[in-house]
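Residue numbers (full-length UniProt numbering): 1 to 328.
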């Protein structure tokens, strides 16, 4: 393949220009591993990349913070032609050409071998969202969470991280309380394994209580903002909140009381620069005990490069359900 198609974002007169372009091999980004991309996926961060100077600082750039595919050339002995691999996060799709492309070249230090138990398609149904959900669950368990401790809350439950977290926790035997603002998606969440569903408005209150009734043993929170403020006051003694996102806002007003009177843990979940040993461990678990039961059409919308402008706009408005993957 001498030429390849890629979805490119440029900045023209202060506005982003998004289109599929034909590029040549000599236009590939720097790196030691060249990959024929089979699938990518769409994440909230990819949506932010469409906003001028929000995520991308140097234009033009191929966005897409995830990819899965087959190595066609490697200058690093850890990988060989024909190896199936995953690349997520680091600078991919932010300051380095990303996964919305038929070909990609990346540093070997970013590459994870596809673990046994996953296909390339399944790896991208998971993608950064699934990795973030898996890392959240692992961190909660490392901090003592067990199924018998009580219900685990998942906020933003119809989104990518939330949907996979609901499925994952239910599979592990946890009672899952799912929070969403989409009443039309209650049945969807029940299919994923939620035992209780609450409207997201119930987790937002203008009443500034420093502590509320102890409701949840733990929480997976990709939302942040006022939702996280409420959640921190509602966690049982010794419980934890794994916080990974900001779709509900970046500002959180809280007090020390949940931490010093109930001993709760506020766990920051970083999927971008997560150390490689932990990254590889989580991906292996995503192929085994953490592999969701519903890696199927139930949570998947498959699109092409040409569909991306509409999809990227939609994800910013919170109207995307489950996971959207891009077939190359």
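The C-beta atom is built at its ideal place from N, Cα and C for all residues, glycine as well.
As the structure is a computational prediction, the values presented were derived from the model and not from experiment.
Proximity test, residue i beta-carbon vs the ligand GTP heavy atom, cut-off 7 Å
i           : result
residue 225 : By its list of ligands, the structure shown contains no ligand whatsoever, and the ligand GTP lies outside what it can speak to.
Proximity to residue i [Cα-Cα], best of the options
i           : options               : result
residue 186 : 158, 165, 202 and 164 : 158
residue 20  : 313, 310, 328 and 306 : 306
residue 202 : 85, 193, 73 and 155   : 155
residue 153 : 184, 200 and 126      : 200
residue 12  : 29, 50 and 44         : 50
residue 33  : 79, 67, 22 and 2      : 79
residue 103 : 219, 68 and 276       : 68
residue 56  : 26, 83, 39 and 15     : 15
residue 248 : 226, 4 and 145        : 226
residue 326 : 8, 9 and 37           : 37
residue 245 : 223, 233 and 228      : 223
residue 2   : 22, 17, 9 and 10      : 22
residue 127 : 44, 28 and 235        : 44
residue 290 : 163, 169 and 52       : 169
residue 285 : 316, 308 and 117      : 117
residue 71  : 94, 172 and 84        : 84
residue 29  : 189, 96, 221 and 238  : 96
residue 145 : 233, 52 and 216       : 216
residue 66  : 82, 5, 132 and 26     : 132
residue 256 : 134, 190, 229 and 324 : 229
residue 309 : 17, 189 and 5         : 17
residue 130 : 99, 295, 76 and 328   : 295
residue 238 : 119, 142 and 48       : 142
residue 178 : 320, 313 and 189      : 189
residue 149 : 235, 61, 197 and 318  : 235
residue 138 : 304, 77 and 283       : 283
residue 173 : 77, 194 and 277       : 194
residue 319 : 47, 40 and 261        : 47
residue 110 : 275, 299 and 197      : 275
residue 214 : 221, 232 and 204      : 232
residue 94  : 124, 134, 108 and 52  : 52
residue 330 : 270, 27, 279 and 81   : Outside the displayed span of the chain (1 to 328) sits residue 330, for which this structure offers no information.
residue 280 : 204, 76 and 87        : 87
residue 120 : 35, 321, 8 and 314    : 35
residue 76  : 98, 92, 108 and 7     : 108
residue 287 : 124, 7 and 91         : 124
N-terminal and C-terminal residue of the alpha helix (DSSP H) that residue i is part of
i           : result
residue 190 : 186-192
residue 205 : First-last for residue 205: undefined, no H or E at that position.
residue 175 : Where residue 175 is concerned, there is no enclosing alpha helix (DSSP H), given that its DSSP letter is neither H nor E.
residue 260 : 257-260
residue 313 : 308-316
Bridge partners - residue i, DSSP secondary structure assignment
i           : result
residue 69  : 37 and 85
residue 267 : 242
residue 323 : 300
residue 77  : In the DSSP output, where bridge partners are listed per residue, residue 77 has none listed.
residue 3   : 24
residue 216 : 235
residue 92  : 96
residue 221 : 243
residue 113 : 85
residue 197 : 178
Residue range of the unbroken beta strand (DSSP E) whose run includes residue i
i           : result
residue 104 : 103-106
residue 125 : Counting along the chain, residue 125 falls outside any beta strand (DSSP E), though it belongs to the alpha helix (DSSP H) covering 120-142.
residue 280 : Where residue 280 is concerned, there is no enclosing beta strand (DSSP E), although the alpha helix (DSSP H) it sits in stretches over 276-286.
residue 152 : 152-154
Proximity test, Cβ basis, 8 Å: residue i and chain B
i          : result
residue 49 : Among the chains of the structure shown, chain B does not appear; only one protein chain is present.
Integer-rounded CB distance, given that residue j should sit under 8 Å from residue i
i           : j           : result
residue 219 : residue 252 : Their Cβ separation, rounded to whole angstroms, is 13 Å, which puts residue 219 and residue 252 out of contact at 8 Å.
residue 147 : residue 176 : Between residue 176 and residue 147 the Cβ distance is about 10 Å, and since that is not below 8 Å, they are no contact.
residue 330 : residue 163 : Any question about residue 330 goes unanswered here, given that the chain covers just 1 to 328.
residue 63  : residue 100 : 6 Å
residue 293 : residue 167 : 6 Å
residue 40  : residue 272 : With a Cβ gap of about 17 Å, residue 40 and residue 272 do not count as contacting.
residue 243 : residue 263 : Going by Cβ atoms, the distance from residue 243 to residue 263 rounds to 17 Å, so no, they are not a contact pair.
residue 258 : residue 211 : 6 Å
residue 31  : residue 106 : 4 Å
residue 197 : residue 184 : Wrong, their Cβ atoms sit about 12 Å apart, outside the cutoff.
Original post:
Fully enclosed by the region 9-60, which beta strand (DSSP E) runs are 3 residues long or longer?
Top reply: 15-24 and 33-42
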